[in-house]
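What follows is a set of notes on a single structure, which appears directly below.
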Amino acid sequence: MKVLGCFLILFAFGVVAGTPNKPFITFKNNLQEIKLYPSTQTDIYSSNLELDFYLNYKLIAQIDKRKAHNVEPIAASQILAENAHSTTVLVSPEKTHFLSVYEQLKQLSSVVNVQPDFAIVHQYVQTEHTSKNILKAQKVALLHSPQCISSYRPKRIAIIDHGMSLSEPALSTFNVLLEYDADRQQLLSKTEVTRGHGSMVANVIASNLQSHTIEQGVPAAELVTIQQASTLNSAMILAFSVSQKMQVDVINSSWTLPFVSELLANVIRDGLTEGGISYIIVSAGNHAQDACVSNKLSLIKGVTTVGALSFDGTIAPFSNYGRCVDVYAPGVFSKKEQGSNFTIHGTSSAAAWVTGEVSHLLGCGLTNNEIKLNNNY
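In case it helps, mature numbering (1 follows the signal peptide of the UniProt record, and there is no 0) puts the sequence shown at residues -17 to -1, 1 to 360.
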């Protein structure tokens, strides 16, 4: 009897595993219910998805323009993205009012969906090599490059990445239109840019474009660079929204996301269907896993997902793979010249190569149907 009594006391205080603790917040994503639970780390929440979420205690709401709405009296808000039918806003309540504001927004008939602003905090278990049998079973789709059908007209590319210094001579082939920081929501000054992953991606794109014969004096492409290091959902939505407002033709992003908010997915789809964007090109990821599982960006209809090839033309052992990968391209890029000496490995390099190739083909006057880069998913 004493043992049973002790067990009941321990169970009541949560020492013995029973039903999960009450979630801090529950929200909907593509009809799925996401539950976030407090953890021992400040502002980090575990979830029923086996992913950890960082919260900044802001909210993102998609609002139907056709219905009257009045978000401002509830909390300060700013527009992140908009189309003909809806507006996506970032709502910034006092931290102590975060949950109450969330509940108020849920009750508004004009609010299509509301979610906490978040970034995924997640450590992948790296698989060093994918089974050769799995790789052999994969269909290796390659990008075929038809001939130009007209004189070359530079297209506009957006790179969403981090560490993007464009000071080196090789990148002078770009006509840079905008350098923007989506995390801080401001233009970048020349003193604020640093060389990093984004610079290497830009180098691969530039190298691909320069490998084609382009009229002397004509820039290979117009360029919009968007610094986005936090992977906060609000910053990613803003990055794609700014790209669309800048009327880019191609967007390149190297982020590998194990979870994608439907609010972000809606902005991406809108850019492709209504925003005039021809291609959104993302890297499949370097986790040697099924891209459909490892990178949820690959599930968005219209997004082009790129895997990496080894030198021998087979799928690189580090590359994500599967039906969500639309095309494979060289996964290693080396550059050795005065002022620049580096090698970039991975699906980021492959996606950058495809970005350059697609930009060139569009500049030659080819349509999406003629380029024949199909979305497999």
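Cβ coordinates follow ideal geometry from the N, Cα and C atoms, glycine included.
Asp100: buried (16+ other C-beta within 10 angstroms of its C-beta) or exposed? For the purposes of this step, residue 100 is taken as the residue at position 117 of the sequence shown. Burial call: buried.
Look up Phe223 in the DSSP assignment and say whether it is helix, strand or coil. On the sequence shown, residue 223 is found 240 positions in, with the first residue counted as 1. DSSP places Phe223 in helix when its eight states are reduced to three.
Distance, Asp295 Cα to Pro6 Cα: Position 23 of the sequence shown, counted from the start, is the residue given in the question as residue 6. Position 312 of the sequence shown, counted from the start, is the residue given in the question as residue 295. If I take the Cα positions, the gap works out to 50 Å.
Which same chain residues, not among the five before or five after Val201, have their C-beta less than 7 Å away from its C-beta? Counted from its first residue, the sequence shown places residue 201 at position 218. So the qualifying residues of the chain are Tyr135 and Pro137.
Distance, Ala67 Cα to Val54 Cα: The sequence position of residue 54 within the sequence shown is 71, counting from 1. The sequence position of residue 67 within the sequence shown is 84, counting from 1. If I take the Cα positions, the gap works out to 19 Å.
I believe Val187 touches Ala291 by the beta-carbon criterion, under 8 Å. Please report the beta-carbon distance rounded to the nearest angstrom. Residue numbering aside, residue 187 sits at position 204 when the sequence shown is read from its first letter. Residue numbering aside, residue 291 sits at position 308 when the sequence shown is read from its first letter. Not quite, the Cβ-Cβ distance comes to about 12 Å (not below 8 Å), so this is no contact.
How is the alpha helix (DSSP H) around Val337 delimited, first residue to last? Here the question's residue 337 lines up with position 354 in the sequence shown. Val337 -> alpha helix (DSSP H) spans Thr330 to Gly346.
Specify, as a first and last residue, the run of the beta strand (DSSP E) that Ala291 falls within. To locate residue 291, count along the sequence shown from 1; it is residue 308. Segment Val286 to Leu292, the beta strand (DSSP E) holding Ala291.
Tell me, please, which residues DSSP counts as bridged to Gln90. Counting from one through the sequence shown, the residue named residue 90 turns up at place 107. Paired residue(s): none; Gln90 is not in a bridge.
Between which residues of its own chain and Gln227 is the CB-CB distance below 7 Å, once the five residues before and five after are set aside? On the sequence shown, residue 227 is found 244 positions in, with the first residue counted as 1. Closer than 7 Å at the Cβ level, and outside the excluded window around Gln227, lie Gly254, Gly258 and Ile260.
What residue range is occupied by the uninterrupted alpha helix (DSSP H) comprising Ala185? To locate residue 185, count along the sequence shown from 1; it is residue 202. Residues His180 to Gln193.
Distance between beta carbons of Ile143 and Ile234, contact taken as under 8 Å: Stepping through the sequence shown from its first residue, residue 234 is reached at position 251. Stepping through the sequence shown from its first residue, residue 143 is reached at position 160. With 8 Å as the limit, Ile234 and Ile143 qualify as a contact, their Cβ atoms being about 7 Å apart.
With Val308 as the anchor, note down where its alpha helix (DSSP H) starts and where it stops. On the sequence shown, residue 308 is found 325 positions in, with the first residue counted as 1. Careful: Val308 lies outside any alpha helix (DSSP H) and carries neither H nor E.
Can you give me the Cβ contacts of Ala248 inside the same chain, cut-off strictly under 6 Å, excluding the 5 residues immediately before and after it? Residue 248 sits at position 265 when you count from the first residue of the sequence shown. Closer than 6 Å at Cβ, skipping near neighbours: Ile283.
Could you please give the first and the last residue of the uninterrupted beta strand (DSSP E) stretch that includes Ala141? For the purposes of this step, residue 141 is identified with residue 158 of the sequence shown, where counting begins at 1. First-last of the beta strand (DSSP E) with Ala141: Lys138 to Asp144.
At the level of alpha carbons, what is the spacing between Gly179 and Thr208? Position 196 of the sequence shown, counted from the start, is the residue given in the question as residue 179. Position 225 of the sequence shown, counted from the start, is the residue given in the question as residue 208. One C-alpha to the other measures close to 13 Å.
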